[in-house]
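Enquirer: One structure, as structure tokens, below. Some questions next.
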Amino acid sequence: MFKKKECVAMLLAGGQGSRLYALTQKTAKPSVSYGGKYRIIDFPLSNCINSGVDTVGVLTQYRPLLLNEYIGNGLPWDLDRTYGGVQILAPYQGQSGADWYKGTANAIWQNMEFINRYDAKYVLILSGDHIYKMDYAAMLEYHKQTEADCTIAVIDVPLEEASRFGIMSTNDDGSIYKFTEKPKNPDSTKASMGIYIFTKEKLQQYLEADSKDPASANDFGKNIIPTMLAAGEKMMAYSFEGYWKDVGTIQSLWEANMDLLGDSPVLSLSEESWRIYSRHTAQPPQYISKDAVVENCSVTAGCEIYGTVKNSVLGAGVYVGAGAVVEDSVLMNGTSVGDGATVKYSILDENVSIGKNATVGEDRATAEGIAVVGAGIEIPDGKIIAAGAMISEQ
Amino acid sequence: MIAAGLIFSNIHDQTIPEMTRRRTMASIPFGCRYRLIDFALSNMVNSDITNVGVITHYNYQSLMDHIGNGKDWDLARRSGGIKILPPYVAAYENHAAGKLYESRLEALMGSVNFINRCGADYIVLSDCDVILNIDLSAVIEDHIHSGAYMTLVTKKVDVKNSLFDKSVDILGIDEENRVTEITYTMPKRGSCYVNTNLMVISRTDLQNIVSDSIAHGYKSFTRDIVAKQLKKKLIRAYCFDGFCACVSSLENYFSTSMMLLEENVRKDLFSDPERKIFTKIRNSAPTKYAGDAKISNCMIADGCIIEGEVENSIIFRGVHIGKGTVVKNSILLQDTYVGDNVSLNCVITDKNVVIKDGRNLSGYNTMPFFIDKGVMV
Numbered sequence: 045m046f047k048k049k050e051c052v053a054m055l056l057a058g059g060q061g062s063r064l065y066a067l068t069q070k071t072a073k074p075s076v077s078y079g080g081k082y083r084i085i086d087f088p089l090s091n092c093i094n095s096g097v098d099t100v101g102v103l104t105q106y107r108p109l110l111l112n113e114y115i116g117n118g119l120p121w122d123l124d125r126t127y128g129g130v131q132i133l134a135p136y137q138g139q140s141g142a143d144w145y146k147g148t149a150n151a152i153w154q155n156m157e158f159i160n161r162y163d164a165k166y167v168l169i170l171s172g173d174h175i176y177k178m179d180y181a182a183m184l185e186y187h188k189q190t191e192a193d194c195t196i197a198v199i200d201v202p203l204e205e206a207s208r209f210g211i212m213s214t215n216d217d218g219s220i221y222k223f224t225e226k227p228k229n230p231d232s233t234k235a236s237m238g239i240y241i242f243t244k245e246k247l248q249q250y251l252e253a254d255s256k257d258p259a260s261a262n263d264f265g266k267n268i269i270p271t272m273l274a275a276g277e278k279m280m281a282y283s284f285e286g287y288w289k290d291v292g293t294i295q296s297l298w299e300a301n302m303d304l305l306g307d308s309p310v311l312s313l314s315e316e317s318w319r320i321y322s323r324h325t326a327q328p329p330q331y332i333s334k335d336a337v338v339e340n341c342s343v344t345a346g347c348e349i350y351g352t353v354k355n356s357v358l359g360a361g362v363y364v365g366a367g368a369v370v371e372d373s374v375l376m377n378g379t380s381v382g383d384g385a386t387v388k389y390s391i392l393d394e395n396v397s398i399g400k401n402a403t404v405g406e407d408r409a410t411a412e413g414i415a416v417v418g419a420g421i422e423i424p425d426g427k428i429i430a431a432g433a434m435i436s437e438q
Numbered sequence: 035m036i037a038a039g040l041i042f043s044n045i046h047d048q049t050i051p052e053m054t055r056r057r058t059m060a061s062i063p064f065g066c067r068y069r070l071i072d073f074a075l076s077n078m079v080n081s082d083i084t085n086v087g088v089i090t091h092y093n094y095q096s097l098m099d100h101i102g103n104g105k106d107w108d109l110a111r112r113s114g115g116i117k118i119l120p121p122y123v124a125a126y127e128n129h130a131a132g133k134l135y136e137s138r139l140e141a142l143m144g145s146v147n148f149i150n151r152c153g154a155d156y157i158v159l160s161d162c163d164v165i166l167n168i169d170l171s172a173v174i175e176d177h178i179h180s181g182a183y184m185t186l187v188t189k190k191v192d193v194k195n196s197l198f199d200k201s202v203d204i205l206g207i208d209e210e211n212r213v214t215e216i217t218y219t220m221p222k223r224g225s226c227y228v229n230t231n232l233m234v235i236s237r238t239d240l241q242n243i244v245s246d247s248i249a250h251g252y253k254s255f256t257r258d259i260v261a262k263q264l265k266k267k268l269i270r271a272y273c274f275d276g277f278c279a280c281v282s283s284l285e286n287y288f289s290t291s292m293m294l295l296e297e298n299v300r301k302d303l304f305s306d307p308e309r310k311i312f313t314k315i316r317n318s319a320p321t322k323y324a325g326d327a328k329i330s331n332c333m334i335a336d337g338c339i340i341e342g343e344v345e346n347s348i349i350f351r352g353v354h355i356g357k358g359t360v361v362k363n364s365i366l367l368q369d370t371y372v373g374d375n376v377s378l379n380c381v382i383t384d385k386n387v388v389i390k391d392g393r394n395l396s397g398y399n400t401m402p403f404f405i406d407k408g409v410m411v
């Protein structure tokens, strides 16, 4: 028997993230790079440790190799613990058969043993899709105070955008009376952030019932939440204020990176009291050459810049050659831009190599979309890649 | 072949008193994000030496804080790993109680338990004031292959542009790389081979040296041991080709740091993916450059916010450079805060220095202006 844990986090990291196209061709969405030296999963993991949640199950399914390696023993997040810590939970073969995770609820159901092993009273359900800094301990406190069966984190969104989200309609005391997935005519602006805290007994009860229903999609949003609501369980909305962004699309991923720039950025990662941790690769310091121009940029270790870089976010070990111009772009770890090349309004995934005098994307003002080049792809010298193009391995 | 490492963290502290008053030589910050010991430690780890003792003397709090449990060098091990070896005061009868060791030999005498128990066939001894990225397994292999009693890593330097102090040990070597002579001052002109104090010796020989020294009251490793054995035993020189510098004064710290701005130096030290230099991880955010920032020929760490102009400088982690400020030819250590409209030239600021708005400070190439830790200007 392990030491008891009050709250165990379950991080759903199995999704493909197909709307990120080339960026998730080889890896799962939570391991997509963000902000130069981070991956998306660094945010929920750092939030966990900063909130005092030290037992995290990471549920993987789609192309987990990079994610498994990245998480390792959890050392970068202080989650390498004698009891608990971070653990990868992959689908497995049981006595009654073997199944892939059929939906978010099914993934948790298949891992009830993990939760019960720590005798957790509360279960925190997270996803690896969002960039945000949040104190889960405060949410858990709210859950306990209101004696809720389930607490759902919500954020206020503009009314015109509300139809893109799962919307919670609440009473004055914060209790939820209606949940509508992507409503045409929203009557509330409280959008679900995909972060839930369940009291363990209730979670187990509803997951078990759900697993026996062949018509169910085994999904929290589609099945578990509506069923619990209909049964009259106490469901509370926990209002979160602050930066929160779904990075599920190319456009939103680009925007979230740009949110780090500017004199007073929308999202600051330099806050001492809420550090975001990530795995490091022992890169030397960055070098900015004599003729380089670096304006309004976020640059990290290992970068070498000989050309011009403006309004861009550069990952570890990025090389920008002499005479090259990079503007309004996101360049991920290990990517190099050859001498005289131009990269505008683009996302270049990890270890991309842009040949000399090649052109990727167009001026942001006139471009029709963001150009994307998938991991490890080499663009030959002088080649022109149009705005909005999606270059990936066949 | 199993080798263990022994690192002397304090030898030569007195050569750079400005920076070692509150820390060991080993923990002097260097190159934006490193401390000097990172080179010695990384060299060992990259050569599969994973049992490392670090001999300390005094002021080693900063060093212990830096090393922690050694996990950033992958040296947090059940078996072996990193061990701090604090002074073993009053262990020997010829030491007055409470007296700290004064020489390399005495330091070794204090570490005799580590040497006896490490279980290695060979021991690599290293100082912290020498900056280089070297494949030590090649040195050990050369040592075994040649059957030498002791192998000293040496660097051929041009006397005029030497990155070593004048008082360094100079080795005379023959065409077969046998050390034939040791002198204690650099010649006036030409080139010479300097001793980097990085050496390989078998554990049993080192044990014998230590016990002999205790018996005979020897003090100096070079004069009493190496010099006396030149004729009797094979003392071999291993000539190292790459970048190699020794921090031996504040002026020399300044010029050596500035050499990092040269491409070939950075390449020698940092470009080999098999031999990375590891350091304590601080989890700083990436560095942010404002729209008005102007950067030219600089090496910059993560976690900085740069709004002004920076030229030919080395900027450590967490440094803030305000609007309208111009920083030239300077080294700003961790968490230095430079306000708006400041002008700095040839300045070294130690950690946590604050330079208020509008200040104008300047040193000279050969006489950098040093501002002590935590001082507010």
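Chains A and B supply the protein sequences, listed in that same order.
Each number in the working numbering comes from the position in the first sequence (counting from 1) with 44 added on.
Each number in the working numbering comes from the position in the second sequence (counting from 1) with 34 added on.
We put the CB at the ideal spot given by N, CA and C, even for glycine.
1. For the segment 306 to 330 of chain B, which residues have a beta carbon sitting closer than 9 angstroms to at least one beta carbon of chain A?
2. Under 8 angstroms, with one C-beta from each stretch per pair, do the segment 210 to 223 of chain B and the segment 189 to 199 of chain B reach the 3-pair mark?
3. Does any residue of chain A bring its CB to less than 8 angstroms from the CB of residue 67(B)?
4. Return no unless some Cβ of chain B is closer than 8 angstroms to the Cβ of residue 329(A).
5. Along the segment 183 to 207 of chain A, what residues have a CB closer than 9 angstroms to any CB found in chain B?
6. What beta strand (DSSP E) runs, 3 residues minimum, are completely inside the segment 195 to 266 of chain B?
7. Tell me which residue opens and which closes the alpha helix (DSSP H) that residue 249(A) is part of.
8. Express the C-alpha separation of residue 302(A) and residue 227(A) in angstroms, rounding to a whole number.
9. Please confirm if residue 131(B) has its CB atom under 8 angstroms from at least one CB of chain A.
10. According to DSSP, is residue 394(B) helix, strand or coil?
11. Does any CB atom of chain B fall closer than 8 angstroms to the CB of residue 165(A)?
12. Compare the beta carbon distance of residue 279(B) and residue 293(B) with 8 angstroms and say whether it is the shorter of the two.
13. How is the beta strand (DSSP E) around residue 403(B) delimited, first residue to last?
14. Taking just the CA atoms, how far does residue 214(A) sit from residue 252(A)?
15. Is any beta-carbon of chain A found at less than 8 angstroms from that of residue 334(B)?
16. At a Cβ threshold of 8 angstroms, is residue 228(A) touching chain B?
17. Could you give the C-beta distance for residue 386(A) and residue 410(A), rounded to a whole number, given that I count them as a contact under 8 angstroms?
18. Can you list, in chain order, the residues of its chain whose CB lies under 6 angstroms from that of residue 65(B), leaving out five sequence neighbours each side?
19. Bridge partners for residue 138(A) per DSSP, in chain order?
20. Sort out for me which residues DSSP pairs residue 343(B) with in a bridge.
21. Determine which residues share a DSSP beta bridge with residue 288(A) and list them.
22. Could you tell me which whole alpha helix (DSSP H) segments of length 4 or greater appear in the segment 259 to 286 of chain A?
23. Using 8 angstroms as the limit for Cβ to Cβ distance, is residue 324(A) near chain E?
24. Nearest by alpha-carbon distance to residue 350(B): which of 95(B), 394(B), 255(B) and 62(B) is it?
25. Any idea what DSSP makes of residue 156(B), helix, strand or coil?
26. Are the segment 314 to 334 of chain B and the segment 81 to 93 of chain B touching by the rule of at least three beta carbon pairs closer than 8 angstroms?
27. Taking a Cβ distance cut-off of 7 angstroms, strictly less, list which residues of the segment 93 to 123 of chain B are near chain A, in chain order.
28. Can you find the residues in the same chain that come closer than 7 angstroms, C-beta to C-beta, to residue 199(A), ignoring five residues on each side of it along the sequence?
29. Verify the CB distance criterion: does residue 414(B) have a CB-CB separation below 8 angstroms to chain A?
30. Please state whether the Cβ-Cβ distance between residue 157(B) and residue 101(B) is less than 8 angstroms.
31. Using Cβ-Cβ distances below 7 angstroms, what residues of the segment 273 to 292 of chain B are close to chain A?
32. Please state if the CB of residue 198(B) and the CB of residue 282(B) are separated by a distance shorter than 8 angstroms.
33. Just confirm the distance between the C-beta atoms of residue 278(A) and residue 219(A), as a whole number of angstroms; I'd bet it's less than 8 angstroms.
34. In this structure, what does DSSP give as the bridge partners for residue 130(A)?
35. Buried or exposed, going by whether 16 or more other CB atoms sit within 10 Å of the CB of residue 131(B)?
36. Is residue 151(B) close to chain A? Criterion is C-beta to C-beta, closer than 8 angstroms.
Expert: Looking at the coordinates:
1. Answer in chain order: 310, 311, 312, 313, 315, 317, 318, 319, 320, 321, 322, 323, 324, 325, 326, 327, 328, 329 and 330.
2. Touching, per the Cβ criterion.
3. With 8 angstroms as the cut-off, residue 67(B) counts as an interface residue toward chain A.
4. Closer than 8 angstroms: yes.
5. Residues are counted here when their Cβ sits less than 9 angstroms from a Cβ of chain B; for the segment 183 to 207 of chain A the count is zero.
6. Secondary structure remark: continuous beta strand (DSSP E) runs of at least 3 residues inside the segment 195 to 266 of chain B, in chain order: 204 to 207, 213 to 217 and 225 to 236.
7. DSSP places residue 249(A) in the uninterrupted alpha helix (DSSP H) bounded by 244 to 255.
8. Taking the straight line joining both Cα atoms gives about 29 angstroms.
9. Its pLDDT being 48, under 50, residue 131(B) is placed unreliably in this model, and the coordinates cannot settle the point.
10. Under the three-state reduction of DSSP output, residue 394(B) falls in the strand class.
11. Under the Cβ criterion of 8 angstroms, residue 165(A) is not counted among the residues facing chain B.
12. Yes, Cβ-Cβ distance for residue 279(B) and residue 293(B) is below 8 angstroms.
13. Counting along the chain, the beta strand (DSSP E) containing residue 403(B) begins and ends at 403 to 405.
14. For residue 252(A) and residue 214(A), the gap between their C-alpha atoms comes out near 27 angstroms.
15. Against chain A, the CB of residue 334(B) has a partner CB under 8 angstroms away; the residue lies at that interface.
16. Residue-level contact check: residue 228(A) does not touch chain B, since none of the beta carbons of chain B fall below 8 angstroms from its beta carbon.
17. Contact doesn't hold; Cβ gap of about 14 angstroms is too wide.
18. Non-local C-beta neighbours of residue 65(B) in its own chain, meaning closer than 6 angstroms and more than five positions away in sequence, comprise 294, ordered along the chain.
19. According to DSSP, residue 138(A) bridges with 141(A).
20. BP columns for residue 343(B) point to 328(B) and 360(B).
21. According to the DSSP secondary-structure assignment, residue 288(A) is paired through a beta bridge with 176(A).
22. Fully enclosed alpha helix (DSSP H) runs of 4 or longer: 269 to 274.
23. Protein chains A and B are contained in the structure displayed, whereas chain E is not.
24. Considering only alpha carbons, the answer is 62(B).
25. Strand at residue 156(B).
26. Not touching, per the Cβ criterion.
27. So the list reads 105, given in the order they occur along the chain.
28. Excluding its 5 nearest sequence neighbours in each direction, residue 199(A) has C-beta neighbours in its own chain below 7 angstroms: 235, 237, 284 and 288, listed in chain order.
29. The shown model of chain B, from 35 to 411, leaves out residue 414(B), and the question about it has no answer.
30. No. Outside cutoff.
31. Hits within the stretch: zero.
32. Against a cut-off of 8 angstroms, the Cβ pair of residue 198(B) and residue 282(B) comes out as a contact.
33. Right, the Cβ-Cβ distance comes to about 7 angstroms (below 8 angstroms), so this counts as a contact.
34. Looking at the DSSP assignment, residue 130(A) forms a beta bridge with 100(A).
35. Confidence is the limiting factor: at residue 131(B) the pLDDT is only 48, short of 50, which leaves the residue's position unreliable and the question unanswerable from this model.
36. For residue 151(B), the answer is no, since every Cβ of chain A falls outside 8 angstroms of its Cβ.
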